[in-house]
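Participant: Can you read through this structure? Questions will come right after.
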Amino acid sequence: MSGERFEQYGAVRRRREERSLRLFPGVILVGLLGWFVFGFFRRPPAGTHERLFVCAAAALTAAILAFLWFLSARVLPALDRTPRRAVVTGWSVIEGKDEDFVDEPYTLVRVSLVEDGSTHASHLADIIAPQSTDRFTIGSQWYVHAFTGSQTWTSDPLRSRVILAREHEDVIRTGYCLSSEKAMHVPGPGSDLLLRRFENDR
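Read in order, the letters of the sequence shown are residues 995 to 1196 in this note's numbering.
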């Protein structure tokens, strides 16, 4: 299997499965609304408690659906699509937090890249799976994409992020970590982040 097809098999399939999951609460919501309407015409008609229950369940399902849509439709900061070299300098252990939906520690690859003659410290946003960590030895070089703003070019290396370029689509990932958004998924190749929309996409 070629590198490009290998990535599509991983990241695109995960993206497709995420969209399929969003259909599930939508189907439930339609069913609840149908139940509510049917309650007016059946004999005997639905009672007040039943109607309140259906309304509450429909509102909760609609909130879940809206939240899932927000997560998938959120536009990420502008990204420079020009690949640039980054050198691995080590690893950083990040403590998971319940509010990030990641409650276990995970590790990010520390890298350095050169911009305008100055060396800048950053981290890969990609969370590398154990199957691929041996490849990220200190001193190894990788192509990355940098954000155009403070998502990369910040004075705080712990908040700085770059994304592995498509040249490395065979790397197995288990999720991603941006300063504003985190997600974990089943280990697989390809970049879920590069399938997202960025502010400078047309």
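Beta carbons: idealized from backbone N, C-alpha and C, even for Gly.
Output yes or no for whether 7 Å exceeds the beta carbon distance between A1177 and R1155.
Facilitator: The count along the sequence shown starts at 1 and reaches residue 1177 at position 183. The count along the sequence shown starts at 1 and reaches residue 1155 at position 161. Contact: no.
Participant: Just the C-alpha distance for R1160 and H1114, rounded to the nearest angstrom, thanks.
Facilitator: Numbered from its first residue, the sequence shown carries residue 1160 at position 166. Numbered from its first residue, the sequence shown carries residue 1114 at position 120. Those two C-alpha atoms are separated by around 22 Å.
Participant: Please report how far the alpha carbon of G1133 lies from the alpha carbon of A1052, in whole angstroms.
Facilitator: Residue 1133 sits at position 139 when you count from the first residue of the sequence shown. Residue 1052 sits at position 58 when you count from the first residue of the sequence shown. G1133 and A1052 have their alpha carbons spaced roughly 54 Å apart.
Participant: If you count every other CB in all the chains shown that lies within 10 Å of the CB of L1046, and 16 or more means buried, which is it?
Facilitator: The residue given as residue 1046 occupies position 52 in the sequence shown. L1046 comes out exposed.
Participant: How would you write the range of the beta strand (DSSP E) that L1141 sits in, first residue to last?
Facilitator: Here residue 1141 is taken as the residue at index 147 of the sequence shown, counted from 1. Just to set this straight, residue 1141 is Phe in the shown sequence, not Leu. Where F1141 is concerned, the enclosing beta strand (DSSP E) stretches over Q1135 to F1141.
Participant: Based on the DSSP secondary-structure assignment, which residues constitute the bridge partners of E1109?
Facilitator: The sequence position of residue 1109 within the sequence shown is 115, counting from 1. In DSSP, E1109 forms a bridge with S1112.
Participant: Please determine, among I1157, W1136 and H1043, the residue with the shortest C-alpha to C-alpha distance to T1083.
Facilitator: What you label residue 1083 is simply residue 89 of the sequence shown in a count that begins at 1. Closest by alpha carbon: W1136.
Participant: To the nearest angstrom, how far is it from the Cα of Y1170 to the Cα of I1121?
Facilitator: On the sequence shown, position 176 is the one that residue 1170 refers to. On the sequence shown, position 127 is the one that residue 1121 refers to. Spanning the two alpha carbons is a distance of roughly 5 Å.
Participant: Check whether the Cβ atoms of V1087 and T1101 sit closer than 7 Å, and answer yes or no.
Facilitator: One-based indexing of the sequence shown puts residue 1087 at position 93. One-based indexing of the sequence shown puts residue 1101 at position 107. In this structure, T1101 lies closer than 7 Å to V1087 by Cβ.
Participant: Do the CB positions of S1126 and V1165 come within less than 7 Å of each other?
Facilitator: If you number the sequence shown from 1, residue 1126 lands on position 132. If you number the sequence shown from 1, residue 1165 lands on position 171. Their beta carbons are under 7 Å apart, which means S1126 touches V1165 by this criterion.
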